[in-house]
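Chemist: First, the structure itself, so that you have it in front of you.
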Amino acid sequence: MNSKKKIVTLAGVSLVATAGVVASTNEVKADTTSDNAQTAATSQTADQQAQAKVDQAQSNVNSASQATSAAQAQLDSANAANSAAQADVNSQQAIVNDAQAKVDAATSSVSTAQDAETKAQQNADQATSANIQRAQDAIANQEAQISKDTDAINDANKAVSDAQSAVDTAQKKVNNATTARDNQQKNVDAASDAVKNAQAILDNSDQAKKQAQDALNQANQKVADDTTAVNNKQTDVNNAAEAKKNADEALKNANDAQTSAQKDKDAKQAVTDETSAALADANAAVKDAQAKVDAINDKLANFNTITLPAGYKEALNAYNASFSDDNWSKEKSDSLSKQLEAIASKGNKLNTYKHNKEDENKIVDFNNLTQEEAKDLAVYYAALVNQVRNAFGTDKVVVTPSSVKFTLQLIKEGYNEVNWDAFGEHMTDGKNHNFQYLRNYGDNHNTTVLENMYGGLTSWGFGEDGLYKITPNNNQTMDSLKETLYEGLVGYLFDDADSGWGHANTALDLSMGHSMGKEAMAIGFDKYGYSHSEYYRLDNNNNIAADAYQLPDISMIQEELDKVNTVLQSTKADQASKQKANDNAQNALSSANQVLVAARNDVKDKAATAQKANDNLTTAQNALATLQNQLSTDQANQKQAQTTFDSFDADLATKQANLQKATDSLKAEQGRLAIAQADLDNANKALSDANNNLAQKKQVVENDKEALKVDNDKLGQLQNNLSDLQNAPKLLAAAKEQVATAQKDLADAQEAYNVANDKLTSLKQTAAGTATNVSKAQQVLAEAKNNEDAAKEALDQAQQALTELRQKEALAKQVAEEQAKLAAEKEAKDNGYHIENNQVVDAKSNSVNGWTVKGNQIVSPTNATVDPAVSVTTNVSVNSKGQVQPQTSVTTNGVKTVVATESANPVSTTTVQTREQYKQQLKSNNQLPQTGNNDSAVLSLTGVALAAMLSLFGIKKREY
């Protein structure tokens, strides 16, 4: 191809089908093929990358979804735990409330018992011989008074009987007088009827005039009365107004007094607040000192001791000595053991553990005792051991840091770590003492070890399969451990016959094989709950005795009590001083308060008086207005009555004489009725007097009976008082015991409350923790959901990117295929490719490498199928006249023509244009040329394909 750049225009049917795509020359074909391969490789890589992003995004979504599910499960679990924890809190709160109620009840019981003790103490103080004799004399005098009361009741009952007879007589007289009065009333009624008959005759105008006169008289009187009432009420109004004025002035003065009283009270309140604060501090100091005194008194009262039964020492010594007798016999030793057992059994009743409040509040894990806890137990136990050793005159034991340390180590290594259960599951199937370990331990520490063991905290029950072990709770109190040790020592001393009294001898440092002289000891518990008493021989070959602890004794406690009592007295003196100052301030404040209350009451009273005065004035004014209205109405009625009366002027008729006679007769009968009524009234009065006398006599009887009852009650009180005086010591002891019982009940209730409340506090903390877990789980879930949403969003974006990429690749492939086809068509047309002998040849009939035949079409090396340059194998040419001439190849004036059919009609032509012709074509096609390098042609994309690509790649016009 020449080196010049050239512009190629293809015309014909095939070009129209490609929507204006112009193919390149052969030289361009190879480049296009290479570019297509590179583009395909690049597209494949981009597609793989996009798919990898989708796969990764999907994996992220899956992981985020799993995380969300896990977070939701965690939140559900946290909510369930929180609900359970809150339910536990609510349940425990009910227990605490019940425990508090029991504490309150126990506190009330203590107060009641203490009041009873105070009264019992007062009674005991008064229980002297002289007071007892006076009580007996008072009883004798009271019995004499009761005798007098009985006589008085008998006399009063006789008087009642006489008075009842008088009442009966008076009642008869009343009955007779009532009958006479009733008969006379009938006579009066008859006379009244006669008057009415006489009046009926008077039916003329005189009667009407009389009625009019009466009406006028009544009207005149009513006006006169109204006038008087109005005048009087005006006076009342004037007086009420003056009273209101005075009440208002009094109220003002009372308010001023109240203000002054309030200021005085406030000033005294400030002083009282200061003295009260000082007294509160003093009270707190006394309370603290008293608490210390009470604690030490509790130690004294609960200082545990071991009391040996009478004859125990002698019996144990005799039993031990029997084994040294040259004439020893088992029968004799057994007999002495039984004698000792009979005496020792009394020791179980003589000795009872005394609890300690302070130790009851110390929680201890018996299986993990600290050095300090083990020391406390050892010191306590050694003090008990030394009490009984002192009675036997044997060496006292000591407790040292080494003995405590050795014991803890011995129990750990010799029993716990090797699972050495001395008693076993059934109490009788255990391994006994770990003798070999004890011997080795003693040898390793230049001493000898003796050991006593006790079931301790562990117990055994009896079931269908025999004895079974009941394992103790690890958490005990120091008090419960000391109680167990106390019971163990009592068992060693007084219930040891079945062990040949070996435990007793070890504890008492008696008998060969159980006595080592100077000894140190300590106490511990193994993991099974058994107690261990370990005794260590002391000599110059070991240093176990160094730094021995002080063992408690009652004298030391008493000295400590004396010291704190001194402090208590000092604080009480200061408290008394502060109390007096506060009392004075309180009294002053009380007086000021009384004045203020009085002033307030006075204000209240004066306000009520002022209100009442105001109400009275209003009432009087309203009443005056009402009376004035009534006067006006009555004056009108008076005027009308006068007019009516003036209309009558005739005299009365003589028939009034008969009316007068009837009237006189009626008056006479009415006089006689009055006499009968007077007789009845007198009889009723006599009856009333008799009844009153009877009631008085009966009241005397009731009074005498009440006096007898009072005197009998007093006799009972005197007898009870005498009994109380005679039994004062017993009553006081009972009262003290009741106080102690009530106080113990209160302590137990308080302990139960403390335990319950501590548990409630712990449960509340747990609930708070679970609530926090819920909050955290909610946050984790929210974050997981956010992450999941973000992962899904990323997946959508990756999938969208993959879809768009595949759309781009599909279109690019389509465009590449179209380009390849256009390039093949151009190459075929430019070079005259056609079919000869089922092969593709060029215009010179030279075989074209890489091209194949497919039916009537030819296929390029790029697999593009196109039509051959001619439809038959005949070569034609056009002469100078435009005539078609069959030939293989004709070139005339630089123009090569291929004819499609034998008719020699032209199908397509390829023409090299001049510059002017090309420019003219561009104008007609409305497109610009594209130029390439020397060996390239112009490839222009127009029409639908180009528009589709521009749309796919998002290319559009800028908008303003």
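Under the numbering used here, the first residue of the sequence shown carries the number 1186, and numbering increases by one thereafter.
C-beta atoms are modelled at their ideal positions from N, C-alpha and C, and glycine is treated no differently.
At the level of alpha carbons, what is the spacing between Phe1591 and Lys1597?
Modeler: Along the sequence shown, read from residue 1 onward, the residue named residue 1591 stands at position 406. Along the sequence shown, read from residue 1 onward, the residue named residue 1597 stands at position 412. Whole-angstrom Cα-Cα distance: 10 Å.
Chemist: Lys1654 to Ala1607, Cα distance in whole Å?
Modeler: As a position in the sequence shown, residue 1654 is number 469, starting the count at 1. As a position in the sequence shown, residue 1607 is number 422, starting the count at 1. Going from the Cα of Lys1654 to the Cα of Ala1607 covers about 13 Å.
Chemist: Based on Cα-Cα distance, which residue from Leu1816, Lys2029 and Val2044 lies nearest to Gly2035?
Modeler: The residue you call residue 2035 lines up with position 850 of the sequence shown. Minimum Cα distance to Gly2035 is reached at Val2044.
Chemist: Identify the continuous alpha helix (DSSP H) that holds Ala1576 and give its terminal residues.
Modeler: In the sequence shown, residue 1576 corresponds to position 391, counting from 1. From DSSP, the alpha helix (DSSP H) with Ala1576 extends over Gln1556 to Phe1577.
Chemist: Does the Cβ of His1699 have 16 or more other Cβ atoms within 10 Å, making it buried, or fewer, making it exposed?
Modeler: Residue mapping note: residue 1699 aligns to position 514 of the sequence shown, counting from 1. His1699 should be labelled buried.
Chemist: Please specify which runs of the beta strand (DSSP E), each continuous and at least 3 residues long, are wholly inside the stretch 1574–1646, giving them in chain order.
Modeler: 1634–1639, all fully within the stretch 1574–1646.
Chemist: Is Asp1334 helix, strand or coil when you go by DSSP?
Modeler: Here residue 1334 corresponds to residue number 149 of the sequence shown, with the count starting at 1. Three-state DSSP puts Asp1334 in a helix.
Chemist: Measuring CA to CA, which of Asp1322, Ala1290, Gln1884 and Asp1336 is closest to Val1345?
Modeler: Position 160 of the sequence shown, counted from the start, is the residue given in the question as residue 1345. It is Gln1884.
Chemist: Please return the same chain residues whose Cβ sits closer than 6 Å to the Cβ of Thr1756, not counting the five positions on each side in sequence.
Modeler: Your numbering for residue 1756 matches position 571 in the sequence shown. Taken in chain order, the residues that qualify are Ala1470, Val1471 and Ala1474.
Chemist: Determine the direct distance from the alpha carbon of Asn1604 to that of Gly1641, and round the result to whole angstroms.
Modeler: Taking the first residue of the sequence shown as 1, we reach residue 1641 at position 456. Taking the first residue of the sequence shown as 1, we reach residue 1604 at position 419. Those two C-alpha atoms are separated by around 17 Å.
Chemist: Can you give the Cα-Cα distance for Lys1371 and Arg1857, rounded to whole angstroms?
Modeler: Position 186 of the sequence shown, counting from 1, holds the residue named residue 1371. Position 672 of the sequence shown, counting from 1, holds the residue named residue 1857. Approximately 11 Å between the Cα atoms of the pair.
Chemist: Measure the Cβ-Cβ separation of Ile1324 and Leu1910 and say whether it is below 7 Å.
Modeler: By 1-based counting over the sequence shown, the position of residue 1324 is 139. By 1-based counting over the sequence shown, the position of residue 1910 is 725. No, these two residues do not count as a Cβ contact at 7 Å.
Chemist: With which residues is Ile2043 paired in a DSSP beta bridge?
Modeler: Position 858 of the sequence shown, counted from the first residue, corresponds to residue 2043. In the DSSP output, where bridge partners are listed per residue, Ile2043 has Val2038 and Val2051.
Chemist: Are the stretch 1795–1814 and the stretch 1427–1444 touching by the rule of at least three beta carbon pairs closer than 8 Å?
Modeler: At 8 Å Cβ cutoff, the stretches touch.
Chemist: Got a sec, what are the start and stop residues for the beta strand (DSSP E) Thr1662 sits in?
Modeler: Numbered from its first residue, the sequence shown carries residue 1662 at position 477. Segment Asn1660 to Thr1662, the beta strand (DSSP E) holding Thr1662.
Chemist: Report the residue from Val1583, Gly1687 and Glu1459 whose alpha carbon sits nearest the alpha carbon of Ala1731.
Modeler: Counting from 1 along the sequence shown, the entry for residue 1731 is found at position 546. When only C-alpha atoms are compared, the closest one is Val1583.
Chemist: Does DSSP put Ser1718 in a helix, in a strand, or in coil?
Modeler: Your numbering for residue 1718 matches position 533 in the sequence shown. In this structure, Ser1718 counts as strand in the three-state DSSP scheme.
Chemist: Pull up the distance between the alpha-carbon of Ser1665 and that of Thr1303, whole angstroms please.
Modeler: Walking along the sequence shown from the start, residue 1665 turns up at place 480. Walking along the sequence shown from the start, residue 1303 turns up at place 118. Looking at the two C-alpha atoms, the distance is approximately 33 Å.
Chemist: Thinking just about the alpha-carbon of each residue, which of His1611, Asp1738, Lys1667 and Trp1686 is nearest to the one in Asp1650?
Modeler: Against the sequence shown, residue 1650 aligns to sequence position 465. Cα-wise, what sits closest to Asp1650 is His1611.
Chemist: Taking the alpha-carbon positions, what's the Lys2006 to Val2051 distance?
Modeler: Here residue 2006 corresponds to residue number 821 of the sequence shown, with the count starting at 1. Here residue 2051 corresponds to residue number 866 of the sequence shown, with the count starting at 1. So the two alpha carbons sit approximately 7 Å from each other.
Chemist: Rounded to a whole number of angstroms, what is the C-alpha to C-alpha distance between Lys1238 and Ala1983?
Modeler: Numbered from 1 along the sequence shown, position 53 holds the residue referred to as residue 1238. Numbered from 1 along the sequence shown, position 798 holds the residue referred to as residue 1983. The alpha-carbon atoms of Lys1238 and Ala1983 are separated by roughly 6 Å.
Chemist: Entirely within the stretch 1497–1544 and at least 4 residues each: give me those alpha helix (DSSP H) ranges in chain order.
Modeler: Entirely contained in the stretch 1497–1544, the alpha helix (DSSP H) runs reaching 4 residues are, in chain order, 1497–1506 and 1515–1535.
Chemist: Out of curiosity, what's the CA-to-CA distance linking Ser1248 and Gln1257?
Modeler: Here the question's residue 1248 lines up with position 63 in the sequence shown. Here the question's residue 1257 lines up with position 72 in the sequence shown. If you take the alpha carbons of Ser1248 and Gln1257, they lie about 14 Å apart.
Chemist: Distance, Cα to Cα, Val1749 vs Lys1477?
Modeler: In the sequence shown, the residue the question calls residue 1749 occupies position 564. In the sequence shown, the residue the question calls residue 1477 occupies position 292. Rounded to the nearest angstrom, the two C-alpha atoms are 7 Å apart.
Chemist: On the criterion of 16 or more Cβ atoms from any shown chain inside 10 Å, does Gln1964 qualify as buried, or is it exposed?
Modeler: Indexing the sequence shown from 1 puts residue 1964 at position 779. When all chains shown are included, Gln1964 counts as exposed.
Chemist: Determine whether the beta carbon atoms of Thr1643 and Tyr1713 lie at a separation below 7 Å.
Modeler: For the purposes of this step, residue 1643 is taken as the residue at position 458 of the sequence shown. For the purposes of this step, residue 1713 is taken as the residue at position 528 of the sequence shown. Yes; because the gap between Cβ atoms is below 7 Å, this pair is in contact.
Chemist: Pair every Cβ in the stretch 1347–1359 with every Cβ in the stretch 1857–1868, then say whether three or more of these pairs are closer than 8 Å.
Modeler: The stretch 1347–1359 vs the stretch 1857–1868: in contact.
Chemist: Identify every run of the beta strand (DSSP E) within the stretch 1730–1754, keeping only runs that are complete inside it and at least 3 residues long; order them along the chain.
Modeler: Correct list: empty.
Chemist: Go ahead and pull the three-state DSSP assignment for Lys1654.
Modeler: Within the sequence shown, the letter at position 469 stands for residue 1654. Three-state result, Lys1654: strand.
Chemist: Going by the beta-carbon positions, is the gap between Leu1569 and Leu1674 smaller than 7 Å?
Modeler: What you label residue 1569 is simply residue 384 of the sequence shown in a count that begins at 1. What you label residue 1674 is simply residue 489 of the sequence shown in a count that begins at 1. Contact flag set, yes.
Chemist: Going by the CB atoms, is the gap between Val1959 and Ala1263 shorter than 7 Å?
Modeler: Along the sequence shown, read from residue 1 onward, the residue named residue 1263 stands at position 78. Along the sequence shown, read from residue 1 onward, the residue named residue 1959 stands at position 774. In this structure, Val1959 lies closer than 7 Å to Ala1263 by Cβ.
Chemist: Looking at the strands, I want to know which residues DSSP matches up with Gln2024.
Modeler: Within the sequence shown, the letter at position 839 stands for residue 2024. BP columns for Gln2024 point to Glu2021.
Chemist: In whole angstroms, give me the CA-to-CA distance for Asn1326 and Leu1900.
Modeler: Your numbering for residue 1326 matches position 141 in the sequence shown. Your numbering for residue 1900 matches position 715 in the sequence shown. Distance between the alpha carbons of Asn1326 and Leu1900 is about 9 Å.
Chemist: Helix, strand or coil, according to DSSP, for Val1549 in the structure here?
Modeler: The count along the sequence shown starts at 1 and reaches residue 1549 at position 364. Val1549: strand per DSSP, three-state reduction.
Chemist: Check whether the Cβ of Gly1676 lies closer than 6 Å to any heavy atom of the ligand GTP, and answer yes or no.
Modeler: The ligand GTP is not among the ligands present in this structure, which contains no ligands whatsoever.
Chemist: Could you check if Val1782 is buried or exposed, using at least 16 other CB atoms within 10 Å of its CB as the buried criterion?
Modeler: As a working note, residue 1782 is residue 597 in the sequence shown. It is exposed - the Cβ of Val1782 has fewer than 16 other Cβ atoms within 10 Å.
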